[in-house]
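Engineer: For the sequence shown, the working numbering assigns the number 146 to the initial residue and increments by one for each residue that follows. My questions will all concern the structure given below.
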Amino acid sequence: MENVVVHIISHSHWDREWYQSFEGHRMQLVELFDDLFDLFEHDPEFKSFHLDGQTIVLDDYLAIRPENREKLQTYIDQGKLKIGPFYILQDDYLISSESNVRNSLIGHQECQKWGKSTAVGYFPDTFGNMGQAPQLLRQTGLDVAVFGRGVKPIGFDNQVLADQQFTSSFSEMVWQGADGSEVLGILFANWYSNGNEIPVDRTEAAAFWEQKLADVKRYAATNQWLMMNGCDHQPVQKNLSQAIRVANELYPEITFVHSSFDDYIAAVKEELPPNLSQVTGELTSQETDGWYTLANTASARIYLKQAYGEISNLLEQVVEPLLVMTKGDSYQDQLTYAWKTLLQNAPHDSICGCSIDEVHREMEVRFEKAKSVAVFVKENALQAWKDQLDTAQATGDYLFTVVNTGLHRKCDQASVVLEVATCDFKEAAPTTAFQRMSELELPDFCVQDLDGRHIPAIIEDLGAHFNYQLPKDAFRKAYIARQIKVTLPVDLEAVSWQTFQLVEGEQPHETGLYQDGEIETDYLKLCVGEAGLTLHDKRTGQVYTDFIQFEDRGDIGNEYLYFQPVNTQPIYADLTHVEVVENTSQTARLRLTHTLTIPVSADDRLELEQEGLVEYMKRTAGRSQEMTRIELVTDMTVLASDPQIRFKTRFTNTAKDHRIRVLIPTHHQGENHEAESIFEVVERPNQASAVWENPENPQRQQAFVSLTDDEKGVTVATKGLYEYEVLEDKTLAVTILRAVGELGDWGYFPTPDAQCLRTLEVEYALECHRPAERFATFRRAKAFQTPLTSLQVPVQEGTVEPTGRALEHPALQEEKICPTALKQDTAGNHTLLRYYNMSQEVISLGVEAQYVNLLEEPYQVEADAIRGQEIRTERLDILSLETRG
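Structure (structure tokens):
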């Protein structure tokens, strides 16, 4: 190549927390900024520094050096500090679709405050890249993605592998997303440290550049070559200007420049050849040997994934729709704070669970903080809305409303705790009040809707309990309440509610769903026998024996990677007890107890191999001869009116160095399966490619994974359980625990907390269905994520109907459309409804609408019809959202 320009970009890949705590790394960050300021002031040849694509590092620095805000602003204005476009560098797969959007939106807002942003989608070290990244970038005004993993560079003259999805001739390529959107993709083919610590000594520099230039030339599509001067937490190279001068002297035919992504990308675009490779969809390095895709981070410290899923769902599917429904205060500042706090747990070394224990203990505190803010907003919005309900037609004294804030129809059980009597501390001393409420005799109660129709319900007397209220205009009110818990089945459309009443009277006698060892509904028959559980799917005629099993295997890997000890076999749990805990005409709940007898840990060789830095796939440790017993107690719930079977499994982990999975047979006859990813239902092969060497083939999902062939389907929904594998016999294995004792990667970092020696509770659901019903099944899997909201309400006149819907829209009804957000825009002027097409078909919703992009700016769409996997954000006039009874 002639006229080669080597673009040297200074950066430091800044994991906020990883092998040190957040504060430990922050102290290094302060030193990095201080050194940068000194360089900017004294070295005019040092042009700029790339701040790793994230704005949060500015806040991290200013918390220690607030007096330097103006200095930061000056260097950003001058283009010396390159910030944005994101708030943090997130993991793609282990946070929600909306979290990915909010990371871009908040990052954009932060960049607007500073006045500048770097126009590149920056994914230097995400563990694979989501298939919708091109569309997400396009809808945030970006047309370039720079990334480090997911594509195998092969060089222009090398043979392309059979599956070209994951291979590219050059480091530059066209990346086409799931919906067809395209961006320029730039792969760090020689990693984001290929220009790190450039020598100034001429002899050392000559050797350095001889190797580095050859490496870049092998894959470069143009004569604009990229050298990344930095690495993880890398201090700035203070003599870089001298090193660049030496390079120019050594290679007069090449131009070495201190550059930026802005300059480099502009130069590359001018010279792109027509024969670029095209890569499509998600980029997960399927054509590598499988060892270093790091997909097992989906199961490290599962409790973190559960917490993130719970709180992001609380914000997306409860609080934000509730604020639209109640039309009250927007709480925009509080929500932004909650989202920022939650997103601080979203970087790959954080949510992936692959850091030291101190990091993840701090994450749990952040989760609690974000949740507390979300709950505060939720309760305040509900209180304001409750005061507007018109319940004057009620004949009972105790009323409650069940709300489906989610964007999917939900058939489920709802529970509410009602206060049927109270004694204020002003009326009696606390002890007296408690005794008075405890001794209160209560009549028999039953549940009716407001038209007097009987509703089958379970009513429990909870006794007396302390409670308090915090009035907006008075001092707190403490009291003792006599409480009753009511549990009943409900079927509610998206963003709708229904009010019920508790009246005196006996519950009518009902015949339970569970009879003579069987549960039978219109959808299924479930038989409980000595040999286990057998499921008969009435819609397809399929019979699944032992349809729920638990498997345990040893794990001598690390937080990144699973590895089964050689010459060991899986251990399966025994079903030791079945108990009926609920049996009504609408609901049956069985409590299943499975017992695992397993080794307490790996044997003593593992610690020696860990300390000796033996690569995990070369370890010879086995499992201990000492045994422990783990009981897995599973509540299995079947509703008469819904085809899902729901499971909640609780257990206390007393063993180390192992993995537990729930196994679900599918009888699948196809070659591929589907799973929900980020704004995408992605199709993946059941088996790995021929070059895959890892005996494991773990995959990541969001809310569901589905194995559907021409005759039948099995879809499994999970909450915060992101790792699954399709086994050779087409059994679906979902990981519910992985316990390991070290971080892994470049050194020995013990992580005893990652053994997860704690009590855990996991939730998942199973549905058998016909092939044509799979999208309706997917919508039910999404509904499974969001709990119903219930609250006690007074008898009163009001302006809001006691039963109604906040919004009717075709996107809430169409099976193939998945709504992801109903929220007020950040300007507070409009309501936004976001959804995407789960299918590959073109769908028309038949609505005339105005649209915005993911930054909530006006956005022109090509046609009313929605392409396969296309994301739409529709702007609704707040005034058009009428309450409908």
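From the three backbone atoms N, C-alpha and C, an ideal C-beta is built for every residue, glycine too. Remember, it's a predicted structure, so these values are computed and weren't measured experimentally.
1. Mapping DSSP to helix, strand and coil, what is Ala-884?
2. Tell me the rounded alpha-carbon separation between Leu-1026 and Asp-535.
3. Check whether the region 935-944 and the region 198-215 are in contact - that is, three or more C-beta pairs closer than 8 Å.
4. Under the criterion of a Cβ to heavy atom distance below 6 Å, does Ala-623 qualify as lining the ligand ZN?
5. Can you say whether Val-725 is buried or exposed, counting buried as having 16 or more other CB atoms within 10 angstroms of its CB?
6. Could you tell me which residues DSSP pairs with Gly-699 in its beta bridges?
7. Could you tell me which of Asp-237, Asp-606, Leu-449 sits nearest to Ser-822, measuring between CA atoms?
8. Would you list the residues sitting across from Arg-734 in a DSSP beta bridge?
9. Considering only residues of the same chain and omitting the five flanking positions on each side of Asp-1022, which have a CB-CB separation below 7 Å?
10. In the DSSP output, which residue or residues are listed as bridge partners for Thr-976?
11. If the criterion is Cβ atoms closer than 7 Å, does the pair Pro-298 and His-158 meet it?
12. In the structure shown, what three-state DSSP assignment does Ile-456 receive?
13. Once the 5 residues before and after Glu-727 are set aside, which same chain residues still bring their CB inside 6 Å of it?
14. Would you check if there are 3 or more beta carbon pairs closer than 8 Å linking the region 252-262 to the region 1006-1016?
15. Identify whether Glu-524 lies in helix, strand or coil by the three-state DSSP scheme.
16. What are the boundary residues of the beta strand (DSSP E) that Trp-320 is part of?
17. So for Tyr-717, helix, strand or coil by DSSP?
18. What residue range does the beta strand (DSSP E) around Lys-793 cover?
19. Can you round the beta-carbon distance between Lys-968 and Leu-977 to whole angstroms, since I take them to be within the 8 Å contact cut?
20. For Cys-672 and Gln-660, I'd like the C-alpha separation in whole angstroms.
21. Would you please verify whether the beta carbon of Glu-317 is less than 7 Å from any beta carbon of chain C?
22. With respect to the alpha helix (DSSP H) encompassing Trp-259, which residues constitute its N-terminal and C-terminal limits?
23. Thinking Phe-333 and Pro-344 are a contact (beta carbons under 8 Å), I'd like their distance in whole angstroms, please.
24. When you compare each of Glu-586, Leu-358, Thr-540, Asp-636 to Gly-551 by their alpha carbons, which one comes out closest?
25. For Ala-411 and Pro-397, what's the separation of their Cα atoms in angstroms?
26. When the Cα atoms are used, what is the spatial distance from Arg-979 to Lys-450?
27. Nearest CA to the CA of Asn-831: which residue from Glu-960, Phe-849, Glu-870?
28. Cutting at 7 Å between CB atoms, please list the residues of its own chain near Ala-766, excluding the five before and the five after it.
29. Measure the alpha-carbon distance for Asn-274 versus Glu-946 and round it to whole angstroms.
30. Tell me, to the nearest whole angstrom, how far the beta carbon of Glu-912 is from that of Pro-744; I am working on the premise that it is less than 8 Å.
31. Is it right to say Ser-338 is buried, meaning 16 or more other beta carbons lie within 10 angstroms of its own, or is it exposed?
32. For His-812, which three-state DSSP category applies?
33. Measuring only the C-alpha atoms, how far is Ala-718 from Val-778?
34. In angstroms, rounded to a whole number, what distance separates the CA positions of Leu-459 and Ala-491?
35. Just how far apart, CA to CA, sit Gly-295 and Thr-546?
36. Can you give the Cα-Cα distance for His-152 and Asp-205, rounded to whole angstroms?
Structural biologist: The relevant details are as follows:
1. strand
2. Low confidence applies to Leu-1026: its pLDDT is 46, below 50, so where it sits in the model is not reliable enough to give any reading.
3. no
4. The ligand content of the structure shown is nil, which means the ligand ZN is not present either.
5. exposed
6. His-803
7. Asp-237
8. Glu-727, Thr-782
9. His-975
10. Gln-969, Leu-1021
11. no
12. helix
13. Arg-734
14. no
15. helix
16. 317-321
17. strand
18. 790-797
19. 5 Å
20. 10 Å
21. Considering every chain present, this structure includes no chain C. It has just one protein chain.
22. 242-259
23. The Cβ separation is near 21 Å, so there is no contact.
24. Asp-636
25. 23 Å
26. 24 Å
27. Glu-870
28. Ile-701, Pro-710, Ala-747, Asp-748, Arg-750, Leu-751, Glu-754
29. 46 Å
30. Contact flag wrong, Cβ pair sits at about 35 Å.
31. buried
32. coil
33. 11 Å
34. 16 Å
35. 48 Å
36. 29 Å
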